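Student: Please read through the structure below; I'll follow up with questions.
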């Protein structure tokens, strides 16, 4: 009990400081991302190899990691999927995709666009929780290693000496 009485402030400061750092890290390291789908109805037929070439060219020109951009065929439509990217990146991918189709003289009609936000709140909460626990642990270790004599109670406890008053 004496340990907590003496070191509660130190442990609290370390815990709060780590919680603040964890909150800032979660906010800046995990920006909001979106999954984006744009549907295009084509007037003329294109082959699967052409779609693959278009996807490869678009991925290379955008510097998007593999697996985050896809061009798929669904029924009579072609779907541009941009996964886990910022809205600006999705807009750029759409305009470049439309430019590629126009360069290849593919006649298309733009359809609906679906945009959904990725939920990263659980991951952010986990980062904050881990940082708070780490701060608590560091605070307890720091307090346990702190053997400075600061009060007359410390003199009694650590040195086994009696004191006549405060110093």
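Residue numbers (my numbering): 7 to 173. Cβ atoms here follow ideal geometry from the backbone N, Cα and C, with glycine treated the same way. Remember, predicted model here, so these are calculated numbers, not experimental data.
(1) Which residue marks the beginning of the beta strand (DSSP E) containing residue 13, and which one marks its end?
(2) Would a C-beta distance cut-off of 8 Å place residue 41 and residue 89 closer than the cut-off?
(3) Run through DSSP, which three-state label would residue 144 get?
(4) Contact check, residue 141 vs residue 23 under 8 Å by CB: the rounded distance?
(5) Is residue 81 helix, strand or coil by DSSP?
(6) Could you pull the start and end residues of the alpha helix (DSSP H) that residue 54 belongs to?
(7) Beta carbon of residue 115, beta carbon of residue 65: below 8 Å?
(8) How is residue 164 classed by DSSP in three states: helix, strand or coil?
(9) Between residue 153 and the rest of its own chain, which residues show a CB-CB distance below 8 Å, the 5 nearest in sequence each way excluded?
(10) Does the contact criterion of 3 or more C-beta pairs under 8 Å hold for the region 51 to 66 versus the region 105 to 121?
(11) At the level of alpha carbons, what is the spacing between residue 28 and residue 118?
(12) Flag this pair as yes or no: are the beta carbons of residue 32 and residue 138 separated by less than 8 Å?
(13) So what's residue 51 in DSSP terms, helix, strand or just coil?
(14) What is the DSSP secondary structure of residue 115, counted as helix, strand or coil?
(15) Taking a contact to mean a Cβ-Cβ separation below 8 Å, would you say residue 149 touches residue 17 in this structure?
(16) What are the start and end residues of the alpha helix (DSSP H) that includes residue 155?
(17) Check each candidate in 39, 129, 68, 59 and name the one with the smallest Cα separation from residue 121.
Tutor: Result, derived from the coordinates:
(1) Taking the chain shown and counting its residues from 1, the one referred to as residue 13 is at position 7. No beta strand (DSSP E) holds residue 13; the alpha helix (DSSP H) holding it covers 8 to 35.
(2) Translated into positions along the chain shown, residue 41 becomes position 35. Translated into positions along the chain shown, residue 89 becomes position 83. Contact: yes.
(3) Here residue 144 is taken as the residue at index 138 of the chain shown, counted from 1. If DSSP states are grouped into helix, strand and coil, residue 144 belongs with the helices.
(4) Here the question's residue 141 lines up with position 135 in the chain shown. Here the question's residue 23 lines up with position 17 in the chain shown. Correct: roughly 6 Å between the Cβ atoms.
(5) For the purposes of this step, residue 81 is identified with residue 75 of the chain shown, where counting begins at 1. Look at residue 81 here: in three-state DSSP terms it is coil, with no helix or strand label.
(6) Along the chain shown, one-based indexing puts residue 54 at 48. First-last of the alpha helix (DSSP H) with residue 54: 54 to 68.
(7) Locating residue 115 in the chain shown gives position 109, counting from the first residue. Locating residue 65 in the chain shown gives position 59, counting from the first residue. It is not a contact, given that the beta carbons lie outside the stated cut-off.
(8) Taking the first residue of the chain shown as 1, we reach residue 164 at position 158. Helix, per DSSP.
(9) Numbered from its first residue, the chain shown carries residue 153 at position 147. Within the same chain, residue 153 has close Cβ partners 164.
(10) yes
(11) Residue numbering aside, residue 28 sits at position 22 when the chain shown is read from its first letter. Residue numbering aside, residue 118 sits at position 112 when the chain shown is read from its first letter. Whole-angstrom Cα-Cα distance: 39 Å.
(12) To locate residue 32, count along the chain shown from 1; it is residue 26. To locate residue 138, count along the chain shown from 1; it is residue 132. By the CB criterion at 8 Å, residue 32 and residue 138 fall outside the cutoff.
(13) Here the question's residue 51 lines up with position 45 in the chain shown. The answer is coil: DSSP assigns residue 51 none of H, G, I, E or B.
(14) Here residue 115 is taken as the residue at index 109 of the chain shown, counted from 1. Residue 115 falls in the strand class under three-state DSSP.
(15) For the purposes of this step, residue 149 is taken as residue 143 along the chain shown, with counting starting at 1. For the purposes of this step, residue 17 is taken as residue 11 along the chain shown, with counting starting at 1. Yes, the pair counts as a contact, with Cβ atoms nearer than the cut-off.
(16) Stepping through the chain shown from its first residue, residue 155 is reached at position 149. DSSP places residue 155 in no alpha helix (DSSP H); its state is neither H nor E.
(17) As a first step, residue 121 must be located in the chain shown, where it is residue number 115. The shortest Cα separation from residue 121 among 39, 129, 68, 59 belongs to 39.
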